[in-house]
Each structure stands twice: as structure tokens, then as C-alpha cells.
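Before any comments, here is the structure.
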Amino acid sequence: MKKVLIASPTSISKIYCDFDFIDNIMLTNYPDYTIRLFDNTMDNGGYCDRLNDYYKNKYGNNDKFQCIRTVVEGLEESLISRICASHNQVRDYAIDNNYSALWHVESDVFAGPNFLQELILHNKAVVGALYYRDFGS
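Count along the sequence shown from 1, then add 258; that gives the number in my numbering.
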């Protein structure tokens, strides 16, 4: 069985769905996964604390979930630099912690409880999916 990292760059701009995202991921029935959110909000970790506190209060204190603050040395004012650093941090975390698979997902995308099994079933190095964002004017 593959050890899977579910990881997402996030920021306070996702506050409208952050708890729902965590709750949705926790519905997965795949047995060996961890969740890491990489927060690129320009604050002193307050948004990360919010997410970690929510998880701890609802699901207990365990290693399944963690929000990690992304720090961009010298480029804190650049939104693009912060987002890029979060995406790179996701990749580096997966490699450094020897995960077999990575589900790199946006923190406002919701999946069903079997999504990991369905992605792994393809047995490919990379599996991508599209989702509707808008329906046009």
C-alpha cells in the first residue's frame, strides 16, 4: 500500500471553505495518508494556528494533519513568490519524507471518499484532473 501525502498550498483567502476542506479530506477511506497544508499568508502564523487548532479540537492531537507556515526570505511582499514557495514546499516535503504518492490539490477542491484509491488505480507516475471553475458569461 502506498504512503500518500495529501498536500495543498493555502492562505487566508481560502477561509470561506478551510474547515470544510479539512472535513472533506478526513472522509477518505484510504488507510495510509497524511495531510499537510502550506500556508503562504502574510502573517505571523495566525492562519496556520487557526487550521491546526480546528483540526486538534475536532479530530484530536495526532500526526494525520498539520498546517506549516511558508516563509519566503526577502520576498514577503510578492504574492507570486509566496505561492511558488508553497508549491515547492509541498514537493520538497513529499520527497524528504519518502512518500510513495502525492495528491497535490488546491484547498478549495473537494473529492469523494474513494478519490485516493481511484487515482492510485491508474498506476501512473502522474495523474491529472480538470474541474469546472466557471461556466462563462
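C-beta: ideal position from N, C-alpha, C; glycine also.
**Message:** Using CA atoms only, rank isn't needed, just tell me which of H362, L374 and F277 is closest to P267.
**Reply:** Here the closest residue by C-alpha is H362.
**Item:** Same chain, Cβ closer than 6 Å to F279, five either side skipped, listed in chain order
**Value:** Residues S365 of the same chain have their beta carbon placed closer than 6 Å to that of F279, with the five preceding and five following residues left out of the count.
**Message:** So, for S358: in the same chain, excluding its five sequence neighbours on each side, which residues have a beta-carbon less than 8 Å away from its beta-carbon?
**Reply:** Within the same chain, S358 has close Cβ partners K260, K261 and V262.
**Asked** Looking at the structure shown, is Y274 part of a helix, part of a strand, or coil, going by DSSP?
**Response** The three-state secondary structure of Y274, taken from DSSP, is coil.
**Prompt:** Going along the chain, which unbroken runs of the alpha helix (DSSP H) with 4 or more residues stay wholly within the region 278-335?
**Reply:** As far as the region 278-335 is concerned, its whole alpha helix (DSSP H) runs of at least 4 residues are 304-317.
**Prompt:** Among residues of its own chain, excluding the 5 on either side of Q324, which ones have a beta-carbon nearer than 6 Å to its beta-carbon?
**Reply:** Same-chain partners within the cutoff: R294.
**Message:** Considering just the uninterrupted stretch of the alpha helix (DSSP H) at V348, what are its terminal residues?
**Reply:** Counting along the chain, the alpha helix (DSSP H) containing V348 begins and ends at L337 to D354.
**Request:** Using a threshold of 9 Å, state whether the C-beta atoms of I264 and I283 are closer than that.
**Result:** Judged by their CB atoms, I264 and I283 are nearer to each other than the 9 Å cut-off.
**Asked** Would a C-beta distance cut-off of 9 Å place A398 and V329 closer than the cut-off?
**Response** This structure cannot settle anything about residue 398, because the visible part of the chain is limited to 259 through 395.
**Request:** Keeping to the same chain, check which residues put their C-beta closer than 8 Å to that of I326; ignore five residues upstream and five downstream.
**Result:** When the five nearest sequence neighbours on each side are left out, the beta carbons in the same chain lying within less than 8 Å of the beta carbon of I326 are those of R294, L295, F296, D297, C306, Q347 and Y351, in order along the chain.
**Message:** By alpha-carbon positions, which one of L337, D281 and N315 ends up nearest to D301?
**Reply:** Closest by alpha carbon: L337.
**Asked** Just checking my contact of T292 with F373 at CB under 8 Å: how many whole Å lie between their CB atoms?
**Response** The pair is not a contact, with the Cβ atoms about 15 Å apart (cut-off 8 Å).
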